[in-house]
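J.:
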Amino acid sequence: MEMPVPDAAVLSRKPEIVARLRAVLGQDAVIDDPMETRAYECDALTAYRCAPLAVVLPASTAEVSAVLRICHEAGVPVVPRGSGTSLAGGALPTADCVVLGVARMNAVLETDYDNRFIRVETGRTNLSVTGAVEADGFFYAPDPSSQLACAIAGNIAMNSGGAHCLKYGVTTNNLLGVTLVQMDGTVIEIGGAHLDAPGLDLLGVICGSEGQLGVVTEATLRILPKPEGARPVLIGFDSSEVAGECVSDIIKAGVLPVAIEFMDRPCIRACEAFAHPGYPDCEALLIVEVEGSAAEIDEQLGLIKQIARGHNPVELRESQSAEESAAIWLGRKSAFGAMGQINDYMCLDGTIPVSSLPHVLRRIGEMSAHYGLDVANVFHAGDGNMHPLILFDANKPGDLELCEEFGAEVLKLCVEVGGCLTGEHGVGIEKRDLMVTQFSPEDLEAQLRVKDVFDPKWLLNPAKVFPLAVTAARRAA
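Quick note: the sequence shown uses the working numbering, first residue 564, plus one each step.
#1: Tell me whether the beta-carbon of Ile-715 lies closer than 9 Å to the beta-carbon of Val-683.
#2: Run the CB neighbour count on Arg-612, radius 10 Å, all protein chains shown included, and call it buried at 16 or more, exposed below.
#3: Going by the beta-carbon positions, is the gap between Pro-567 and Thr-657 smaller than 9 Å?
#4: Hey, how far is the Cα of Trp-1021 from the Cα of Cys-605?
#5: Does the region 867-879 touch the region 770-788, meaning 3 or more C-beta pairs lie closer than 8 Å?
#6: Which class does Phe-942 belong to by DSSP, given the choice of helix, strand or coil?
#7: How about the region 909-919 and the region 846-855: do they share at least three Cβ pairs that are nearer than 8 Å?
#8: Distance check for Asp-801 and Asn-669, CA to CA, integer angstroms please.
#9: In chain order, what residues of the same chain have a beta carbon less than 6 Å from the beta carbon of Thr-666, not counting five sequence neighbours either side?
#10: Output needed for Ala-806: all residues of its chain with C-beta closer than 7 Å, excluding positions within five of it in sequence on either side, in chain order.
#11: For the pair the region 707-723 and the region 757-773, tell me if three or more CB-CB distances fall below 8 Å.
#12: Could you compute how far the alpha carbon of Glu-752 sits from the alpha carbon of Val-1013?
#13: Which of the three DSSP states, helix, strand or coil, is assigned to Asn-948?
#14: When DSSP labels each residue in this structure, what does Gly-928 get in the three-state scheme?
#15: Exposed or buried, which one is Asp-1015 when buried takes at least 16 other CB atoms within 10 Å?
#16: Taking its Cβ as the centre, do 16 or more other Cβ atoms sit within 10 Å of Gln-710, making it buried, or is it exposed?
#17: Going by Cα to Cα distance, which pick from Leu-765, Lys-730 and Ile-594 is closest to Thr-742?
#18: Beta carbon of Ile-681, beta carbon of Thr-688: below 9 Å?
#19: At 3 residues or longer, and completely inside the region 867-910: list those beta strand (DSSP E) runs for me, N to C.
#20: Compare the beta carbon distance of Ala-822 and Lys-730 with 9 Å and say whether it is the shorter of the two.
#21: Measure the C-alpha to C-alpha separation of Leu-797 and Ser-884 and round it to an integer number of angstroms.
#22: Report yes if the CB atom of Leu-1106 is closer than 9 Å to the CB atom of Pro-840, and no otherwise.
#23: Please name the residue, chosen from Glu-804, Glu-636, Ala-726 and Ala-890, that lies closest to Pro-1019 on a Cα-to-Cα basis.
#24: Where does Arg-687 sit, in a helix, a strand or coil, going by DSSP?
#25: Give the straight-line distance between the Cα atoms of Thr-780 and Gln-904, rounded to the nearest whole angstrom.
#26: Starting from Arg-644 and walking both ways along the beta strand (DSSP E), at which residues does that stretch end?
#27: DSSP on Thr-657, reduced to helix/strand/coil?
#28: Could you tell me which residues DSSP pairs with Phe-702 in its beta bridges?
#29: Using CA coordinates, which residue listed in Phe-1017, Pro-1004, Glu-968 and Leu-1011 is at the minimum distance from Glu-993?
#30: Go ahead and label Asp-699 buried or exposed: buried means 16 or more other beta carbons lie within 10 angstroms of its beta carbon, across all protein chains shown.
#31: Can you list, in chain order, the residues of its chain with a C-beta nearer than 7 Å to that of Asp-570? Leave out the 5 residues immediately preceding and following it.
#32: Please state if the CB of Met-746 and the CB of Gly-767 are separated by a distance shorter than 9 Å.
Structure representation (structure tokens):
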């Protein structure tokens, strides 16, 4: 993956830049020792690494503003970083950049149960948002698999979803307002503690913008009352295609489960060995969960099981206890880590129409045979958000490049069937050269003009989202 040539003028002024940053943040909040900055040289897309010029860890919106103002004046690129869990290289540094981490900004600022919102600093982890309100009977709906570690800042940047997004939506459906610091240090408030702000939908522009437009330091999030109950059912099949057909039929029937998750045999085996959830031995597995009162749960699961039986499942098992339900979800939430114990892999993030699941799964199998690389499939089947894990050997010359070629073909297939390049991981560096596959030159130009407005010098999160040649031309303009 090509990276931009660092700005030699910025590199030569490192002592001056670091001194100015320390003057506003203090000694401990600025890291410039090359041995220590290595901890920030990559995110969860570990195949690519680059040590930054420096790392700053501000503790307030005012400090973020001061950092950005200094970098803006000095022409220093800035890479915003939440918890570094991006699977698309969204927080990968460049050699001439300052990484701005928000990990120290993790406070709960306000909780309002009457109006059902919580305001937090964006370094707070996803799961700890629910942790702050669950004792009072509320929860925060978006639940990425990395929710124990991922930060709200990154969730907003990538518009993250999770297993329960089928019913509750992704981050944009649960985000009410943000405090945004622009590259020149200007602090603006967008949205607020209400569902729909008047005027242009700037909140919709910011959510999913991948750190290209500003640094979000505070967020007002929608919280919901916890449901009366929830219960999953495991449905095993003798092929991935049949499992995909079952998903399509459940959606067509008008049932709205809170989640429909898919795993194929390689992933099932890895999760079983890692978390021991008691999964059946089969080629493909669906986890379908519904919520509500006991009567509602029984009615919904009854219809789902009826639909599933029409596809001749090899196993159909309803959870019988809270402990069994927790084990089922622990297995699914552990999938990426479980696969990581077995092999190097690249996790994709294409989204497709649910009706295309059988076709796409079949084509991925054919591509796997063609490229000679195994694939484990685990994804949010209810909304067609695919996560094929392409296995490769990072120590084998040429394997990474072959994996990337395979991955590009899968993502092109997603676009071909009417889907898109990403559902919740973002574009980052992983998919930037594929943007021309989904978007026309006119579409890309419209996106570039939005970036021009918020960040005229093109200093925020360089080398991401747009092809490098486009970025270079914009910075030179």
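Every residue gets a Cβ at the ideal spot worked out from N, C-alpha and C, and that includes glycine.
T.: Let me spell this out:
#1: Within the sequence shown, residue 715 is the residue found at index 152, counting from 1. Within the sequence shown, residue 683 is the residue found at index 120, counting from 1. Yes, the pair counts as a contact, with Cβ atoms nearer than the cut-off.
#2: The sequence position of residue 612 within the sequence shown is 49, counting from 1. By the 10 Å Cβ count, Arg-612 comes out exposed.
#3: Position 4 of the sequence shown holds residue 567. Position 94 of the sequence shown holds residue 657. Yes, these two residues count as a Cβ contact at 9 Å.
#4: Walking along the sequence shown from the start, residue 1021 turns up at place 458. Walking along the sequence shown from the start, residue 605 turns up at place 42. The alpha-carbon atoms of Trp-1021 and Cys-605 are separated by roughly 21 Å.
#5: no
#6: Walking along the sequence shown from the start, residue 942 turns up at place 379. Looking at Phe-942 - three-state DSSP - the assignment turns out to be strand.
#7: no
#8: For the purposes of this step, residue 669 is taken as residue 106 along the sequence shown, with counting starting at 1. For the purposes of this step, residue 801 is taken as residue 238 along the sequence shown, with counting starting at 1. If you take the alpha carbons of Asn-669 and Asp-801, they lie about 46 Å apart.
#9: The residue you call residue 666 lines up with position 103 of the sequence shown. Reading off the sequence shown, one finds Ala at residue 666, where the question assumed Thr. For Ala-666, where only same-chain residues beyond five positions count, the Cβ hits under 6 Å are Gly-686.
#10: Counting from 1 along the sequence shown, the entry for residue 806 is found at position 243. So the qualifying residues of the chain are Phe-800, Phe-825, Ala-847 and Leu-849.
#11: yes
#12: Against the sequence shown, residue 752 aligns to sequence position 189. Against the sequence shown, residue 1013 aligns to sequence position 450. Their Cα atoms are separated by approximately 18 Å.
#13: Residue 948 sits at position 385 when you count from the first residue of the sequence shown. Strand, per DSSP.
#14: Position 365 of the sequence shown, counting from 1, holds the residue named residue 928. Note: Gly-928 maps to helix in three-state DSSP.
#15: Locating residue 1015 in the sequence shown gives position 452, where the first residue counts as 1. So Asp-1015 counts as exposed.
#16: As a working note, residue 710 is residue 147 in the sequence shown. Gln-710 is buried by the Cβ-count criterion.
#17: Residue numbering aside, residue 742 sits at position 179 when the sequence shown is read from its first letter. For Thr-742, the nearest C-alpha among the options comes from Leu-765.
#18: By 1-based counting over the sequence shown, the position of residue 681 is 118. By 1-based counting over the sequence shown, the position of residue 688 is 125. Going by C-beta atoms, Ile-681 is not nearer than 9 Å to Thr-688.
#19: 878-881 and 907-910
#20: The sequence position of residue 822 within the sequence shown is 259, counting from 1. The sequence position of residue 730 within the sequence shown is 167, counting from 1. Cβ distance < 9 Å, so Ala-822 and Lys-730 count as in contact.
#21: Indexing the sequence shown from 1 puts residue 797 at position 234. Indexing the sequence shown from 1 puts residue 884 at position 321. Taking the straight line from one Cα to the other gives about 13 Å.
#22: The structure shown has nothing for residue 1106, since the chain only spans 564 to 1040.
#23: Your numbering for residue 1019 matches position 456 in the sequence shown. Of the candidates Glu-804, Glu-636, Ala-726 and Ala-890, the one whose C-alpha sits nearest the C-alpha of Pro-1019 is Glu-636.
#24: Here residue 687 refers to the residue found at position 124 of the sequence shown. In this structure, Arg-687 counts as coil in the three-state DSSP scheme.
#25: Stepping through the sequence shown from its first residue, residue 780 is reached at position 217. Stepping through the sequence shown from its first residue, residue 904 is reached at position 341. If you take the alpha carbons of Thr-780 and Gln-904, they lie about 34 Å apart.
#26: Position 81 of the sequence shown holds residue 644. Run containing Arg-644: 641-644, per the beta strand (DSSP E) assignment.
#27: Reading the sequence shown from its first residue, position 94 is the one you call residue 657. Residue state, collapsed to three classes: coil.
#28: Along the sequence shown, one-based indexing puts residue 702 at 139. Phe-702 is bridged to Leu-787.
#29: Locating residue 993 in the sequence shown gives position 430, counting from the first residue. The residue with the shortest Cα to Cα distance from Glu-993 is Glu-968.
#30: Taking the sequence shown and counting its residues from 1, the one referred to as residue 699 is at position 136. Exposed, by the Cβ-count rule.
#31: Taking the first residue of the sequence shown as position 1, residue 570 is located at position 7. Around Asp-570: Asp-659.
#32: To locate residue 767, count along the sequence shown from 1; it is residue 204. To locate residue 746, count along the sequence shown from 1; it is residue 183. No, the pair does not count as a contact, with Cβ atoms beyond the cut-off.
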